[in-house]
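A.B. asks: Take a look at this one; I'll ask things after.
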Amino acid sequence: MSTDRVSVGMVTAESKVTLPDGVRLHVAEYGDPNSSLTVVLLHGWTCDTRLWRRQIADLPARMGAPLRIVAFDLRGHGRSTACPRTTTTLAQLADDLHAVIHERVPEGKVILAGHSMGGMAIMEYAHRHSVEFTHRVGGVALMCTTAEGTAHTTYGLAPGVARIVRALEITGAAVLARSGPWRLHRTVMPVLSPGIRWLGFGRIADPSAVRLTAGMIGNTRLTTIGGFRPWFEEQDRVDALVHMATLPTAVLVGGRDRLTPSNCADTIVRALPNAEHLVCPDAGHMLPLECPDEVTGAIARVCQRASGVPTLPPGDGPTDPRRRKRRKGRTLPAEAADAADAA
3 MSTDRVSVGM VTAESKVTLP DGVRLHVAEY GDPNSSLTVV LLHGWTCDTR
53 LWRRQIADLP ARMGAPLRIV AFDLRGHGRS TACPRTTTTL AQLADDLHAV
103 IHERVPEGKV ILAGHSMGGM AIMEYAHRHS VEFTHRVGGV ALMCTTAEGT
153 AHTTYGLAPG VARIVRALEI TGAAVLARSG PWRLHRTVMP VLSPGIRWLG
203 FGRIADPSAV RLTAGMIGNT RLTTIGGFRP WFEEQDRVDA LVHMATLPTA
253 VLVGGRDRLT PSNCADTIVR ALPNAEHLVC PDAGHMLPLE CPDEVTGAIA
303 RVCQRASGVP TLPPGDGPTD PRRRKRRKGR TLPAEAADAA DAA
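The sequence shown runs contiguously to residue 345 in my numbering.
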């Protein structure tokens with residue numbers, strides 16, 4: 003493996019990590035390169051590192067301490083190179099994460115934060131590289147993700163309709179998987195925007211966030227989109243959560259997530275009873291874009307717990323920091339939010 007490094011803007015360094023199969027992952031580093039704590043960000047399916055733009059900008063200030071951030075485009079996504087269809091698997095993503103940590107973060111504790119498929123990759127990494135995970139990982143933040151594949155996915159539709167949509171999606175994915183390294187033409191994206199808005203976002207969606215999401219999807223290779231989709235049906239990594247049980251963890255979900263609904267988060271929380279459980283009732287699947295402050299705060303609290311810093315600043319936080327809901331711009335204890343919802 004090899005890297006070539008340059009300094010660009012606020013980016014400390016950009017590099018390409020070359021994997022054994024020849025795929026080159028685009029890696030961007032931010033913050034203090036000498037920090038003993040590094041946050042590694044893994045985006046979701048059909049996204050790229052732009053998903054984390056607010057977290058990258060705000061996390062160091064929220065921490066109030068030296069911090070290093072490493073974000074990389076998963077294979078076939080963003081500025082990483084195309085990959086063979088046979089390598090579009092969750093197991094390969096776990097091995098890719100292992101390679102990035104080995105090469106770009108050879109020392110110090112690592113905090114892993116994953117959205118959607120990125121969270122699934124983290125669980126697969128804990129399963130496939132459990133010894134390294136135990137020794138290197140200091141905390142985990144999982145958001146809008148699942149340990150049970152599509153077991154709870156209904157797209158916000160009636161069960162019968164959801165089964166039809168799933169069958170059509172799987173059929174379409176099989177076609178895309180054979181489409182090679184091409185991307186969707188940008189003229190197609192406006193047509194897809196209403197579907198992106200429905201599946202990706204909750205009650206209120208910032209138009210710029212919807213446009214960014216469409217742009218990220220349009221920048222993902224067709225074989226990547228189709229190739230990864232079947233593995234969501236196969237995933238079952240509840241057992242891998244045992245490797246996170248003693249770590250500082252946070253589990254976040256949008257109350258209106260139609261792809262990985264709250265049942266997915268509930269399963270993870272049952273396996274991680276000490277995790278902070280944050281529900282953003284009005285948000286959907288694109289939580290880092292919809293609720294950037296909540297996501298940044300949750301990652302910061304995981305970092306603080308991992309480094310022994312007090313978990314919450316004075317005056318910030320509910321009586322029970324392990325499970326919280328966000329309502330109308332505020333973060334409330336889960337019990338208070340449940341009472342408000344009932345009222």
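All C-beta atoms in this analysis are idealised placements derived from N, C-alpha and C, irrespective of residue type, glycine included.
Taking the CB atoms as reference points, tell me whether Cys146 and His117 lie closer together than 9 Å.
C.D. replies: Yes, they are a contact pair.
A.B. asks: Just the Cα atoms here: how many angstroms apart are Thr269 and Thr298?
C.D. replies: 23 Å
A.B. asks: For Ala285, list the residues DSSP reports as bridge partners.
C.D. replies: Answer is none; Ala285 lacks a bridge partner.
A.B. asks: For a test of the three-state rule: what should DSSP assign to Thr14, helix, strand or coil?
C.D. replies: strand
A.B. asks: Which same chain residues end up closer than 6 Å to Gly33 when comparing Cβ atoms and leaving out the 5 residues on each side of it in sequence?
C.D. replies: Pro62, Leu69, Arg70, Ile71
A.B. asks: Which partner residues of Thr251 appear in the DSSP bridge assignment?
C.D. replies: According to DSSP, which records beta bridges pairwise, Thr251 is partnered with Val142.
A.B. asks: Kindly indicate the opening and closing residues of the beta strand (DSSP E) around Leu224.
C.D. replies: That residue, Leu224, is in no beta strand (DSSP E); its alpha helix (DSSP H) goes 224 to 236.
A.B. asks: Given this structure, state the Cα-to-Cα distance separating Thr313 from Thr248, to the nearest angstrom.
C.D. replies: Low confidence applies here, because Thr313 scores a pLDDT of 47, under 50, leaving its location unreliable; read the following figure in that light. The alpha-carbon atoms of Thr313 and Thr248 are separated by roughly 16 Å.
A.B. asks: Return the chain-ordered ranges of every beta strand (DSSP E) run that is complete within the region 75 to 152 and spans a minimum of 3 residues.
C.D. replies: 111 to 117, 139 to 145
A.B. asks: Taking C-beta to C-beta, are His100 and Glu150 nearer than 9 Å?
C.D. replies: no
A.B. asks: So, for Cys266: in the same chain, excluding its five sequence neighbours on each side, which residues have a beta-carbon less than 6 Å away from its beta-carbon?
C.D. replies: Thr148, His154
A.B. asks: Using a Cβ-Cβ cut-off of 6 Å (strictly less than) and excluding sequence neighbours within five positions of Leu27, which residues of its own chain qualify?
C.D. replies: Val19, Phe74, Ser82
A.B. asks: Mind checking whether Gly80 and Thr51 have CB atoms under 9 Å apart?
C.D. replies: yes
A.B. asks: Tell me the DSSP secondary structure of Pro69 in three-state form.
C.D. replies: Note that residue 69 is Leu in the sequence shown, not Pro. The answer is coil: DSSP assigns Leu69 none of H, G, I, E or B.
A.B. asks: Am I right that His287 and Leu201 are in contact with their C-beta atoms under 8 Å? What's the rounded C-beta distance?
C.D. replies: Right, the Cβ-Cβ distance comes to about 7 Å (below 8 Å), so this counts as a contact.
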